[in-house]
Amino acid sequence: MGVLNLSRGRRADRLAAPPDDGGDPLGSLLRRAGRGDQDAFASLYDELAPLVHGVVLRVVRDPAQSDEVTQEVFVELWRLATRFDETRGSVKSWAATVAHRRAIDRVRSEQSARDRVAREVSNVVPDHDSVVDEVETTLDQARVRRALGRLTGLQREAVELAYFGGHTYREVAVLLDVAEGTVKTRIRDGMIRLRDELGATP
Amino acid sequence: VSTNTDIHHLAAAYALDAVDDRERAAFEAHYPSCDVCRTDVLEYRDTLAQLADAAPVAPGADVRDRVLAEIARTRQLSPLLPVSELAERRRRRRRVLSTTLAAAAAMVLVVAGALLVSRDDQPAFADELAAVLAQPDARLVPLDGDAGTVRVVWSDEADRAAFLADDLPAAPDGEAYELWLIDDGGAVPMHLLDPAADGEVRATFDIRASPVAWGVTLEPVEGSAAPTGEILYVAEV
Numbered sequence: 002m003g004v005l006n007l008s009r010g011r012r013a014d015r016l017a018a019p020p021d022d023g024g025d026p027l028g029s030l031l032r033r034a035g036r037g038d039q040d041a042f043a044s045l046y047d048e049l050a051p052l053v054h055g056v057v058l059r060v061v062r063d064p065a066q067s068d069e070v071t072q073e074v075f076v077e078l079w080r081l082a083t084r085f086d087e088t089r090g091s092v093k094s095w096a097a098t099v100a101h102r103r104a105i106d107r108v109r110s111e112q113s114a115r116d117r118v119a120r121e122v123s124n125v126v127p128d129h130d131s132v133v134d135e136v137e138t139t140l141d142q143a144r145v146r147r148a149l150g151r152l153t154g155l156q157r158e159a160v161e162l163a164y165f166g167g168h169t170y171r172e173v174a175v176l177l178d179v180a181e182g183t184v185k186t187r188i189r190d191g192m193i194r195l196r197d198e199l200g201a202t203p
Numbered sequence: 269v270s271t272n273t274d275i276h277h278l279a280a281a282y283a284l285d286a287v288d289d290r291e292r293a294a295f296e297a298h299y300p301s302c303d304v305c306r307t308d309v310l311e312y313r314d315t316l317a318q319l320a321d322a323a324p325v326a327p328g329a330d331v332r333d334r335v336l337a338e339i340a341r342t343r344q345l346s347p348l349l350p351v352s353e354l355a356e357r358r359r360r361r362r363r364v365l366s367t368t369l370a371a372a373a374a375m376v377l378v379v380a381g382a383l384l385v386s387r388d389d390q391p392a393f394a395d396e397l398a399a400v401l402a403q404p405d406a407r408l409v410p411l412d413g414d415a416g417t418v419r420v421v422w423s424d425e426a427d428r429a430a431f432l433a434d435d436l437p438a439a440p441d442g443e444a445y446e447l448w449l450i451d452d453g454g455a456v457p458m459h460l461l462d463p464a465a466d467g468e469v470r471a472t473f474d475i476r477a478s479p480v481a482w483g484v485t486l487e488p489v490e491g492s493a494a495p496t497g498e499i500l501y502v503a504e505v
């Protein structure tokens, strides 16, 4: 309770922060966390946890494991807070990057090379439609839904299977039964279009 | 000069973590020095964060307490020191370079000792190599290429470098291997490499610039002022 009250107070601080604190309101929280301020980090957790966990859960799938990975992500963000460089992207972008990488590391280390080969050889295609469907029904921002809607079907599937499904482009090629080069191109075209549709962080 | 531009097309897949470990390592060796790829990665990550932000899920209720308990006993990394002016200049040079020479992944090693010297090397070469390796800023890079690995060891402080190859095939008639030091001004011819019958090359030479990359091409036997042949070996520093 104490922490919660304190973090509210900190957030009020942040709103009153001088303009030279930069355009990213999470940046000043992170800078304070980088100096060892655990209350600032608690506020950062409150701001970022749904984003981080959303990424982790979609990739990892298992809720208990996802909680573990989300915890690891935040401990990692705490360790790295001293090295955050706002010229290299926003706090959210940084957190999403760390979260996705951690989630990927978890699923890829657990999926033995043998399983992977066996699956590809036997050509058993997992039900990837569920990943795509679920992502689309849970997107709660019309802007992002609209941007995804501007992608071709193959671009959208390739990007979503890679990002939310946690697959490499080679695995996506197997899932979608198209050539690797085609998937690489669709991923690239899809990301360029998404970027152009969404623009910079609002 | 043929270059490999394919690596630039990995930016989106890399931002999505949709590359394998080898591709990830290759791209990470490349993109910090490539303006286009660096910008692409930053923008794609920002785009993906917006995607992630639109699909939030709250973690388990106890995760917050566990995180706060764990960070209370977790040391933070020391901050990175500001880049020195020298490092900054170096970085700028790298950026220029990457537009002229496509990168190959290069594992940069801190030289651990004179284990490169083989028993039958000429004493003069062994001494020269040892002198370069003794410099605190000595660096070694293996150059990636088709036929085995070739290596360059050098020291900016000592303005001296050594080149080692063990299995370099004989150059075609009328041609010679030429080693290039690449800096912000482009490729500087360094040395014509003449492999012995067993493919061994041992050479030392002066360098008057700080390299951002090394490369080997096939050139006319008398050498060229600027590279004209295909890049056979290359490494970014």
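Quick note, the sequences are listed as chains A and B, same order. Take the position in the first sequence, starting the count at 1, then add 1; the result is the number in my numbering. Take the position in the second sequence, starting the count at 1, then add 268; the result is the number in my numbering. Positions of the beta carbon are idealized from the N, C-alpha and C atoms, including for glycine.
is_contact[residue i, chain B] using C-beta, thresh 8 Å
i: Gly90/A; result: yes
i: Leu177/A; result: no
i: Val108/A; result: no
i: Gln39/A; result: yes
i: Gln66/A; result: no
i: Gln72/A; result: yes
i: Thr169/A; result: yes
i: Ser94/A; result: yes
i: Ala43/A; result: yes
i: Arg32/A; result: no
i: Gly55/A; result: yes
i: Pro51/A; result: yes
Residues of its chain near residue i, where Cβ-Cβ distance is below 6 Å and the 5 sequence neighbours each way are ignored
i: Leu377/B; result: Per-residue confidence for Leu377/B stands at a pLDDT of 29, beneath the threshold of 50, marking its modelled position as unreliable; the derived number appears in the next sentence. These residues qualify, in order along the chain: Leu408.
i: Thr472/B; result: Glu396, Ala430
i: Ala143/A; result: none
Reference residue i, options the options, closest by Cα
i: Arg102/A; options: Ala494/B, Asp285/B, Asp424/B; result: Asp285/B
i: Glu291/B; options: Arg306/B, Asp274/B, Thr307/B; result: Asp274/B
i: Leu500/B; options: Pro410/B, Pro347/B, Asp427/B, Ser346/B; result: Pro410/B
i: Arg189/A; options: Leu31/A, Tyr164/A, Leu176/A, Asp178/A; result: Tyr164/A
i: Val480/B; options: Ala293/B, Val489/B, Ser301/B; result: Ser301/B
i: Ala340/B; options: Ala41/A, Asp63/A, Arg146/A; result: Ala41/A
i: Ala465/B; options: Ala433/B, Gly491/B, Gly413/B; result: Ala433/B
i: Ala34/A; options: Ser67/A, Gly55/A, Glu77/A, Arg194/A; result: Glu77/A
i: Ala159/A; options: Glu181/A, Phe85/A, Val145/A, Leu49/A; result: Glu181/A
i: Arg100/A; options: Arg147/A, Leu149/A, Arg146/A, Gly167/A; result: Reading off the sequence shown, one finds Ala at residue 100/A, where the question assumed Arg. Residue Gly167/A is the option with its Cα nearest to Ala100/A.
i: Asp106/A; options: Ser44/A, Lys93/A, Ser67/A; result: Ser67/A
i: Pro347/B; options: Gly37/A, Ser91/A, Arg62/A, Ala96/A; result: Gly37/A
Close Cβ partners of residue i (< 7 Å) along its chain, the five nearest in sequence each way excluded
i: Val122/A; result: Per-residue confidence for Val122/A stands at a pLDDT of 46, beneath the threshold of 50, marking its modelled position as unreliable; the derived number appears in the next sentence. Excluding positions up to five away in sequence, the list is empty.
i: Tyr242/A; result: Residue 242/A lies beyond the residue range present for chain A, which begins at 2 and ends at 203; the question has no answer from this structure.
Cβ neighbours of residue i in the same chain (closer than 8 Å, five flanking residues each side left out)
i: Leu436/B; result: Ala415, Gly416, Val418, Tyr445, Leu461, Pro463, Gly467, Glu468, Val469
i: Trp448/B; result: Ala455, Val456, Pro457, Met458, Trp482, Gly483, Val484, Thr485, Pro495
i: Pro64/A; result: Leu58
Min CB distance residue i to chain A below 8 Å
i: Arg313/B; result: yes
i: His277/B; result: yes
i: Gln403/B; result: no
i: Val304/B; result: no
i: Arg290/B; result: no
i: Arg419/B; result: no
i: Thr342/B; result: yes
i: Glu540/B; result: Residue 540/B is absent from the model: chain B starts at 269 and stops at 505.
i: Pro327/B; result: yes
i: Ser346/B; result: yes
i: Leu310/B; result: yes
i: Ala317/B; result: yes
i: Ala293/B; result: no
i: Leu408/B; result: no
Length of the line joining the Cα atoms of residue i and residue j
i: Val70/A; j: Leu310/B; result: 24 Å
i: Asp395/B; j: Ala430/B; result: 11 Å
i: Ala438/B; j: Thr183/A; result: 40 Å
i: His276/B; j: Glu296/B; result: 11 Å
i: Arg196/A; j: Val287/B; result: 20 Å
i: Gly381/B; j: Arg334/B; result: A caution first: Gly381/B carries a pLDDT of 33, below 50, which makes its placement in the model too unreliable to give a value.
i: Leu81/A; j: Ala392/B; result: 48 Å
i: Glu172/A; j: Pro488/B; result: 45 Å
i: Tyr299/B; j: Thr83/A; result: 23 Å
i: Glu498/B; j: Ala426/B; result: 30 Å
i: Leu162/A; j: Arg306/B; result: 24 Å
i: Ala477/B; j: Arg89/A; result: 30 Å
i: Asp505/B; j: Leu401/B; result: The residue asked about is misnamed: residue 505/B is Val in this sequence, not Asp. For Val505/B and Leu401/B, the distance between alpha carbons rounds to 16 Å.
i: Gln39/A; j: Leu199/A; result: 33 Å
i: Phe85/A; j: Thr98/A; result: 12 Å
Per DSSP, the bridge partner or partners of residue i
i: Gly413/B; result: Tyr501/B
i: Ile450/B; result: Ala455/B, Ala481/B
i: Pro327/B; result: Paired residue(s): none; Pro327/B is not in a bridge.
i: Val469/B; result: Ala433/B
i: Pro488/B; result: Glu443/B
i: Leu461/B; result: Tyr445/B
i: Asp474/B; result: Arg428/B
Distance cut-off 7 Å: residue i Cβ against heavy atoms of the ligand ZN
i: Ile105/A; result: You won't find the ligand ZN in this model; it holds no ligand whatsoever.
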